[in-house]
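Colleague: The structure that follows is given in the form of structure tokens.
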Amino acid sequence: MESPNSLATPVQYVKGVGPKRADLLHRLGLDTVEELLYFFPMRHEDRSRILDICGAREGETATVRGKVLSAGVRTTKTGISLFQASVGGKGGVLDAVWYNQPYLRSQFTVGDEVILSGKVVRYGRLQIVNPDFEIVSGEAQKSLHLGRIVPIYHLTEGLAQKSLRNIMFGAVSRYARFLPDPLTPEIMRRQRLVDHSASVRNIHFPASQRHLEAARRRLVFEEFFLLQLALALRREERERVRHGLPQEAARDLIDQLKGVLPFELTRAQVRVMDEIRLDMAKDRPMNRLVHGDVGSGKTAVALFAALVSITRGFQAALMVPTEILAEQHYITLSRFLYPFQARVGLLVQGLHPARLAETLEDARQGNVDLIVGTHKLIQEGVGFKNLGLVIVDEQHKFGVAQRGLLPAKGRSPHSLIMTATPIPRTLALTLYGDLDVSALDEMPSGRGSVMTCWVEPAEREEIYRLMREEVERGHQVFVVYPAIEGGGPAALGDAQSGYEKLKRLFSPYGVGLIHGRMPLGEREKVLLEFRKAKVSVLVATTVIEVGIDMPLASMMVVENAERFGLSQLHQLRGRVGRAGIDSYCILIGEAKTEAGRERLNALVETQDGFQIAERDLEIRGPGEFFGTRQHGLPPLRIGSITKDMEFLESARDEARALAERDPVLADPPHAQLKALLERHYHLKQPAVEMS
Ligand code: ADP
Ligand code: MG
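FYI, the numbering for the sequence shown is 60 to 750, going by this note's numbering.
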């Protein structure tokens, strides 16, 4: 009955699991044998060296062997039960203690040989607390938990390390051999990689340090290779499109645009517009990423690209991650496009059905030139008459797969992708291997400074005083909370109760509330009132994190700031100081962890989005930073984008070479790869348009 199909076996039927443990594994996201096999240890402990008691050193993690001299349970002063066994051997005695596990008593008999592994501390005598242990019966048996390099897994409550390790061992020994190998023998030979099944086996239960390294190397390479292959195939596909939609901009289009904008373009904006102009004139679809810090003026660049399309008789679509941002872009762009007689439409959730139907019809009939919307744009039922350009704003909030769906609404339109997450250049080239990259690396002049402070909650009254000063000057304030409503501990604070409190404190000035669960109409109203300065204090959740542009806003107050990520805080800070007013960003928070403190300090120390992104990457690690789908990449199981850079590059080269030879993965040896890509990257090979 054993076959590759058995990889789909529910975990419940794996030896040592059963229904109860299956529930626990489910909490870790593990439902099938295959998922189990790919649940890699978070680290390993080298317990291959078993020491005599005299070899144990205070402060080190050690594995020691000795004889049980005495064993007993007692209760500490604080009422905790404590089981203690004294273990002696060559050169000394050491106490092993376990808290809250009195049942262990029955497992130890004086005179037994035991192996213990754990951290050694000194508490009078040398002590080892809550060690893993094994009773050595007769001859030293080969143990899973000691005397070898041992995997340490993430756990969930109710599931012990040893049980999970036993389950894993069973699963790995029985099923790992059925895992198909996606890499071709040529690539493995060239890159000197071990095979897939063996590396999965060794990443869990390595025979030696060398085996562990080889396994990790192989798996990291494979992960990056898949990512790079997805990008390379997309790139190949675009190369093969012969008939793009060339759109040559009128010579004076930039000048016309300058005529309607209330500010001078920066040199960076003009340069990027020029790059876009050249791309769009070609008969091959543009695929360009523009990255620039918060406030660098990306909207104007998008406006220019849209104008090129519209003035050449095409439609353009702009997709953004939040409805609030869609509404704002809709208002701004309508205003600037008005002199060009361009018609702009809005497509978001919560539109009145009649208005929705009308907008959809207008898009299909070509009665609207630019549609601004959320991911609603990529849903079924949305169609265009002649889509010439798609723009994705704040692309880091979308997944790789979503990014690819908008162009499919037309026949090879140009694509412009914008992001405020500055990415180190080498990283950008590898991550966005299928894109050309432009940097908006210059801030418009006349920006006010933003002073950033981190204060304790006790200083809140002082902050309110500062807020009042700002409001009295005619400026505006955002107050951001991590949650809409309370539910957790009352002290955490939430937008709803914050709103009620601030409404009392600032009643003469107008206090508004905005969050994602409010109906569209209400949100539009609040934003409009804020824009018209009828509201001076806007209480919000992170719905305002991206893109929101309010010129009079001079103060950003973030409550429970320790609960936000660094890049997120930087984005929030980017909401103030936009029109030359000196501004404040006040982070109210108690950083209980080292990482929290580091984050808040980093923000106080620097304004530079590029540095912040790098610090964020360091502090959170790439798994968090890039790891989620929302940030544009599928989660990486094992590779680290910063530490495994060398693999990224060799993986990219191999991927590009393969994509060139077999651009639709039609060769039988590539079937595995194709299946994997479809699964993990939703990469369907569309029929190539050659007409
Ligand atoms: P981003 O999307 O890059 O964060 P925006 O496009 O929202 O930035 O621009 C931020 C603010 O700066 C807006 O109020 C915009 O009108 C203004 N702005 C854009 N370009 C310039 C410029 N060259 N000079 C002055 N202000 C500008
Ligand atoms: Mg923007």
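Beta carbons are placed, not taken as given, at the ideal position from N, Cα and C, and that holds for glycine.
1. Leaving out the 5 sequence neighbours to the left and right, which residues in its chain are closer than 6 angstroms to ASP452 when beta-carbon positions are compared?
2. Mapping the DSSP letters down to three states, classify VAL585 as helix, strand or coil.
3. Taking all protein chains shown into account, decide if ASN619 is buried (16 or more other Cβ within 10 angstroms of its Cβ) or exposed.
4. Should ALA375 and ASP428 be called a contact, given that it needs their Cβ atoms to be closer than 8 angstroms?
5. Compare the beta carbon distance of TYR212 and MET339 with 8 angstroms and say whether it is the shorter of the two.
6. So what's ASP226 in DSSP terms, helix, strand or just coil?
7. For ALA67, is the classification buried or exposed, using 16 other Cβ atoms within 10 angstroms of its Cβ as the cut-off for buried?
8. Once DSSP output is grouped into helix, strand and coil, what is the label at ASN346?
9. Report the residue from THR600, VAL585 and ARG738 whose alpha carbon sits nearest the alpha carbon of HIS574.
10. What separation, rounded to the nearest whole angstrom, lies between the Cα atoms of ALA274 and GLU719?
11. For GLN287, collect the residues of the same chain with a Cβ closer than 7 angstroms to its Cβ; drop the 5 residues on either side in sequence, then sort them by chain order.
12. With a CB to CB cut of under 6 angstroms and the five nearest residues on each side skipped, what residues in its chain are close to GLU649?
13. Rounded C-beta distance between LEU128 and VAL146? I'm assuming under 8 angstroms.
14. Mind checking whether the beta-carbon of LEU110 lies closer than 7 angstroms to any heavy atom of ligand 1?
15. Output needed for GLN666: all residues of its chain with C-beta closer than 7 angstroms, excluding positions within five of it in sequence on either side, in chain order.
16. Whole angstroms are fine: how far does the CA of LEU271 sit from the CA of LEU252?
17. Give every residue of the same chain whose Cβ lies closer than 6 angstroms to the Cβ of GLU706, excluding the five residues on either side of it in the sequence, and list them in chain order.
18. Short of 6 angstroms in beta carbon distance, which residues of its chain neighbour LEU87, apart from the five on each side in sequence? Order them along the chain.
19. Please classify ASP553 as buried or exposed, where buried requires at least 16 other C-beta atoms within 10 Å of its C-beta.
20. Using a Cβ distance threshold of 8 angstroms, determine whether the stretch 463–476 contacts the stretch 390–400, with at least three qualifying pairs required.
21. Which stretch, first to last residue, makes up the beta strand (DSSP E) that contains ALA467?
22. Tell me the DSSP secondary structure of ALA650 in three-state form.
23. Helix, strand or coil for MET615? Go by DSSP, reduced to three states.
24. Compute the beta-carbon to beta-carbon distance between THR418 and LEU436, rounded to the nearest angstrom, for a pair I have assumed lies under 8 angstroms.
25. Compare the beta carbon distance of ASP154 and GLN166 with 8 angstroms and say whether it is the shorter of the two.
26. Compare the C-alpha of ILE671 against each of GLY624, GLY118 and MET247 and name the closest.
27. Let me know the beta strand (DSSP E) ranges lying completely inside the stretch 85–141, each 3 residues or longer, listed in chain order.
28. Could you check whether the Cβ of THR480 sits closer than 7 angstroms to any heavy atom belonging to ligand 2?
29. Under DSSP, the beta strand (DSSP E) around MET510 begins and ends at which residues?
30. Would you say the beta carbon of VAL427 is closer than 7 angstroms to some non-hydrogen atom of ligand 1?
31. Between TYR643 and PRO321, what straight-line distance do the alpha-carbon atoms span, to the nearest angstrom?
32. Is LYS357 near ligand 2, judged by its Cβ being under 7 angstroms from some heavy atom?
33. On the DSSP bridge assignment, give the partners of THR478 in chain order.
34. Cα-Cα, which of VAL616, LEU312, GLY440 and GLU520 is closest to VAL360?
35. Closest to THR134 by CA distance: which of ILE109, ALA115, GLN160 and GLU119 is it?
36. Using CA coordinates, which residue listed in GLY118, ARG632, ALA716 and PHE443 is at the minimum distance from LEU659?
Modeller: The answer reads as follows:
1. VAL379 and MET477
2. helix
3. buried
4. yes
5. no
6. Reading off the sequence shown, one finds Ile at residue 226, where the question assumed Asp. Of the three classes helix, strand and coil, the one that applies to ILE226 here is helix, per DSSP.
7. exposed
8. strand
9. THR600
10. 28 angstroms
11. GLY492, ALA710, ARG711 and ALA714
12. none
13. 7 angstroms
14. no
15. VAL509
16. 12 angstroms
17. Here residue 706 turns out to be Phe, not Glu, going by the sequence shown. Counting only Cβ-Cβ distances below 6 angstroms, and skipping sequence neighbours, we find VAL279, PHE280 and PHE283.
18. THR215
19. buried
20. no
21. ALA467 -> no beta strand (DSSP E), and no H or E assigned at all.
22. coil
23. strand
24. THR418 to LEU436, Cβ: 11 angstroms. No contact.
25. no
26. GLY624
27. 102–105 and 120–134
28. no
29. 509–514
30. no
31. 25 angstroms
32. yes
33. HIS350
34. LEU312
35. GLN160
36. ARG632
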